[in-house]
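Undergrad: Once you've had a glance at the structure underneath, I'll fire off some questions.
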Amino acid sequence: MTVEQDDKYRKYVTSMLEKFSDVFAAVMVGDYTVRAETEKDDEFTPFAMYLNTLISSIQRTTDELSVKNKTLEEKIYTIEKQTEAIKQLSTPVIQIWDKVLVLPIIGVVDTRRSEQMMVDVLEKVVELEAECVIVDITGVETVDTGTADHFMKMVRAVRLLGAECFITGVSPLIAQTITHIGVELTGIKTLRNLSEGLRGAFEFMHYKVVKKSE
Amino acid sequence: MKVPLIKIGDKLLVSIQTTIIDSVVASLREDITNEISTSGVKGLIIDLSGIDIIDSFFCRMINDIGHDARILGAKTVVVGIKPELAITLVQMGMEMRGVMTSLNLNKALEILK
Amino acid sequence: MKEKIYSVLVEEVGEFKAKAILRGAYHYFGIEKDKEAEDLLLPILERVRLSLNGENLKSSKVDGVMRRLQSMFPEVKRVQTEEEHIAIESEEDIRMAQMRAKIKAQALGFNGLDQTKIATTVAELTRNIIKYAGKGTVTLIPLLTDERALKIVAEDNGPGITNLSDVLSGTYDSKQGLGMGLLAIKRLMDSFEVETNSGVGTRIVVIKYIK
Numbered sequence: 004m005t006v007e008q009d010d011k012y013r014k015y016v017t018s019m020l021e022k023f024s025d026v027f028a029a030v031m032v033g034d035y036t037v038r039a040e041t042e043k044d045d046e047f048t049p050f051a052m053y054l055n056t057l058i059s060s061i062q063r064t065t066d067e068l069s070v071k072n073k074t075l076e077e078k079i080y081t082i083e084k085q086t087e088a089i090k091q092l093s094t095p096v097i098q099i100w101d102k103v104l105v106l107p108i109i110g111v112v113d114t115r116r117s118e119q120m121m122v123d124v125l126e127k128v129v130e131l132e133a134e135c136v137i138v139d140i141t142g143v144e145t146v147d148t149g150t151a152d153h154f155m156k157m158v159r160a161v162r163l164l165g166a167e168c169f170i171t172g173v174s175p176l177i178a179q180t181i182t183h184i185g186v187e188l189t190g191i192k193t194l195r196n197l198s199e200g201l202r203g204a205f206e207f208m209h210y211k212v213v214k215k216s217e
Numbered sequence: 862m863k864v865p866l867i868k869i870g871d872k873l874l875v876s877i878q879t880t881i882i883d884s885v886v887a888s889l890r891e892d893i894t895n896e897i898s899t900s901g902v903k904g905l906i907i908d909l910s911g912i913d914i915i916d917s918f919f920c921r922m923i924n925d926i927g928h929d930a931r932i933l934g935a936k937t938v939v940v941g942i943k944p945e946l947a948i949t950l951v952q953m954g955m956e957m958r959g960v961m962t963s964l965n966l967n968k969a970l971e972i973l974k
Numbered sequence: 002m003k004e005k006i007y008s009v010l011v012e013e014v015g016e017f018k019a020k021a022i023l024r025g026a027y028h029y030f031g032i033e034k035d036k037e038a039e040d041l042l043l044p045i046l047e048r049v050r051l052s053l054n055g056e057n058l059k060s061s062k063v064d065g066v067m068r069r070l071q072s073m074f075p076e077v078k079r080v081q082t083e084e085e086h087i088a089i090e091s092e093e094d095i096r097m098a099q100m101r102a103k104i105k106a107q108a109l110g111f112n113g114l115d116q117t118k119i120a121t122t123v124a125e126l127t128r129n130i131i132k133y134a135g136k137g138t139v140t141l142i143p144l145l146t147d148e149r150a151l152k153i154v155a156e157d158n159g160p161g162i163t164n165l166s167d168v169l170s171g172t173y174d175s176k177q178g179l180g181m182g183l184l185a186i187k188r189l190m191d192s193f194e195v196e197t198n199s200g201v202g203t204r205i206v207v208i209k210y211i212k
C-alpha cells in the first residue's frame, strides 16, 4: 500500500465510523428510523446490515410496547371513568311514582357513602315534595351493626323532613343477621320486597289500586 | 326580639326565623301555652324553614313545646327542617319526640285537618 | 366588590335573582345602596349563601357557586390561614361564634353538611361555656397540612365536669342537657378531647377533617 493509498483508506474508515456514530447517536436518543448505509460492498457492509437488523427489531418491539401502553392507558382511563360513574350511579334516587322515591342500595355501605346517600335522598325529597321513600336493600349482601345504624339514621332523617321511609328487600339471611347481632330496628317499617314497599307507600298516601272495569 | 304567633282557624302558627336565646325561649314557651289554653287551638305548627342551626338545646326546646302542647290537647307539626340539619340531628343522636314533621305548611295543615 | 359578586351571580342564577340576592345581603347589614363594605365581605358572602339555599338549589351547586365567589377575593385566603380567637361572654356571642365558625369552615372548603356540623358543634361548645362557666373563649385554628382540617378549642375557668366518663358514656342524663351536648359534639367531629379539673376549668379540643 502506498502512502497515498493508506491515507485515503484511513479517511474512508474515519468517515464510515462517523456515519455509524451518527446512526448510534440517533438510536440512543430513541430515533429508530435511521439506517446505516449498505450500498457499498466492503468490510463495513455486514456490520451495517447487522446494525440495521438490530435497529429494526428494537423499533418493532418499541412500537408494539407503545401500542400496548396506549391500550393500557386507555383501559385505565376507562376504569377511572367507570369508577367515577359507578360512584355516582351507585345510589340513584328514582321517582317511581308521584311523591314516591326509591333508593336501591347495592354493595357495601360505609359512613361516607351513607352520608352522601342521605344528602342525595333528602335533597330529592325537598325538591319533589316526596311523601314516601323506599330504601331497597336487595343488593346489600351483608349487614353489620354499622350498616344497620346507617339505615336507622337514614330513616330518621327522612322522617325529620316529614316523609315516611320504608326499608324493603330484607333477605331471610339479613333478617337473621339483624336478629343475631341484636340490632333493634325500633319503629322502622321493613317490608319483604320492592312491590310490597310500593303497596305500603300507596297505603300510606291513601291510594287504592283498582282494576279498571270494562 | 319576639317571635310572632299567628292564628289560622283552630291552628296556631309559630315561625322561628333565627336562632333564639334562652330568655326568649322561656317567654316563647309561655306565650304558646297561654295561647293554646285560652283560645283552645287543636294544632300547633312550628315553622323552622328559616333556621340554619339546630343544636341540642334548640332541639330540646322544640320537644318541650311539643310536650306542653300535647298536654294541653294540641298536636304539633314541625315544618321545613333543612336536609343538612336533619342529617346533623340524627348523627348527634337527637330526636324530635312527640311531634310530627312535614315538608311544608300546606301538608302540615292537611295533617292537622 | 359588589360588581364582582353580581357578575358571578348573574351567570349562575340569572340577572333578577342576582340583583335580589345581592340587595338582600347588603340590606341585611344596613349598607346603603351605592356604598361598598369591604370589611363585611365574609358576612355578605354568608348571606349570599343563605339566599342561594333559600332558592332550593342543590347544596353541591351552592358550594360550587360559593367556591367561585371566594376564589375572587384575597380576603377569603386570609381567613383560610388565620387563627380566630372569639371571646364568649354573653348569649349573643353564641350566635356570633357559630356564624364565624361557619364562614371559616366554608372558606376552608368544607362541604355544606360539614359546615353545618361545625357550626352546630360551636353552638354546643359556646352554650356550655355560658351555662356552666359564664365566660370563656373559642379558638378556630385552620390546620393546613396534607390533610386540611379545622381545630376548635373551647376553654373556660368554670367549675369543670366532675362526672365526665358518665357524661360521655351516655349513662348520665343531665336535666340541663350537658351530657347530650358533649355526646353530640363527639359524634359530629373526627377527634374529641376533654381536659377538665374540678374548680379549675375545662378545655375541649375537637378536630374536623375535610373529606
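For the record, the sequence lines run as chains A, B and C. Using our numbering, the first residue of the first sequence is number 4, and each one after it goes up by one. Using our numbering, the first residue of the second sequence is number 862, and each one after it goes up by one. Using our numbering, the first residue of the third sequence is number 2, and each one after it goes up by one. Glycine residues also receive a C-beta, built at the ideal position from the N, C-alpha and C atoms. Keep in mind it's a predicted model, so treat the numbers as computed, not measured.
1. In three-state DSSP terms, what is Lys73(A)?
2. Quick one: Cα of Pro175(A) to Cα of Leu125(A), how far?
3. Roughly how far, in whole angstroms, is the beta-carbon of Lys936(B) from the beta-carbon of Met957(B), given that I think they are within contact range, below 8 Å?
4. Is it buried or exposed, Ser1(C), if we count other Cβ atoms within 10 angstroms and call 16 or more buried?
5. Return the CA-CA distance between Val207(C) and Asp152(A), expressed in angstroms with no decimal places.
6. Any chance you could list the beta strand (DSSP E) runs of at least 3 consecutive residues sitting entirely within the region 120-197 of chain C, in chain order?
7. Smallest Cα separation from Leu889(B): which of Lys872(B), Val902(B), Leu866(B)?
8. Is it the case that the Cβ atoms of Lys209(C) and Ala150(C) are separated by a distance below 8 Å?
9. What number of angstroms, rounded off, separates the C-alpha of Lys14(A) from the C-alpha of Ser59(A)?
10. Given a cut-off of 8 Å, decide if Gly203(A) and Phe154(A) are closer than it, judged by their beta-carbon atoms.
11. Counting only Cβ pairs nearer than 7 Å, list the residues of chain B close to Ala160(A).
12. Which partner residues does Lys868(B) have in the DSSP bridge list?
13. Interface residues of chain A around Lys968(B) at Cβ under 7 Å?
14. Quick check: what's the CA-CA separation for Arg63(A) versus Val16(A)?
15. Look at the alpha carbon of Leu41(C) and the alpha carbon of Glu90(C), and state the distance between them as a whole number of angstroms.
16. At a CB-CB cut-off below 7 Å, which residues of chain B make contact with Lys192(A)?
17. Between which two residues does the beta strand (DSSP E) carrying Ser963(B) extend?
18. When DSSP labels each residue in this structure, what does Gln878(B) get in the three-state scheme?
19. Which class does Thr36(A) belong to by DSSP, given the choice of helix, strand or coil?
20. Measuring alpha carbon to alpha carbon, tell me which of Lys36(C), Leu184(C), Ile104(C) ends up nearest Glu83(C).
21. Terminal residues of the continuous alpha helix (DSSP H) containing Arg204(C)?
22. How far does the beta strand (DSSP E) with Pro95(A) in it extend, from its first residue to its last?
23. Counting only Cβ pairs nearer than 8 Å, list the residues of chain C close to Glu126(A).
24. Within the 8 Å Cβ cut-off, does Lys212(C) reach chain E?
25. Mind checking the region 118-144 of chain C against chain B and listing, in chain order, the residues whose C-beta falls within less than 7 Å of any C-beta there?
26. Can you name the residues of chain B whose CB is closer than 8 Å to the CB of Gly182(C)?
27. Quick one: list the residues of chain B neighbouring Ala185(C), beta-carbon separation under 8 Å, in chain order.
28. Put His209(A) into one of helix, strand or coil per three-state DSSP.
29. So the candidates are Glu92(C), Arg101(C), Pro75(C), Lys78(C); which of them puts its Cα closest to the Cα of Glu85(C)?
TA: Reading it off the structure:
1. helix
2. 29 Å
3. About 13 Å separates the CB atoms of Lys936(B) and Met957(B); that is not less than 8 Å, and the two are not in contact.
4. Residue 1(C) is absent from the model: chain C starts at 2 and stops at 212.
5. 24 Å
6. 137-145, 149-157, all fully within the region 120-197 of chain C.
7. Nearest C-alpha to Leu889(B): Leu866(B).
8. yes
9. Straight-line spacing of the CA atoms in Lys14(A) and Ser59(A) works out to 29 Å.
10. no
11. Ala947, Ile948, Val951
12. Leu873(B)
13. Gly165
14. 30 Å
15. 23 Å
16. Chain B residues near Lys192(A): none, gap ~16 Å exceeds 7 Å.
17. 961-963
18. coil
19. Annotated three-state conformation of Thr36(A) is coil, per DSSP.
20. Ile104(C)
21. No alpha helix (DSSP H) holds Arg204(C); the beta strand (DSSP E) holding it covers 202-210.
22. Pro95(A) -> no beta strand (DSSP E), and no H or E assigned at all.
23. Lys59, Ser60
24. Absent from the structure: chain E. Protein chains present are A, B and C.
25. Lys118, Ala120, Thr121, Ala124, Glu125, Arg128
26. By Cβ distance, chain B contributes Asp916, Ser917, Phe918.
27. Asp916, Ser917, Met953, Gly954, Met955
28. coil
29. Arg101(C)
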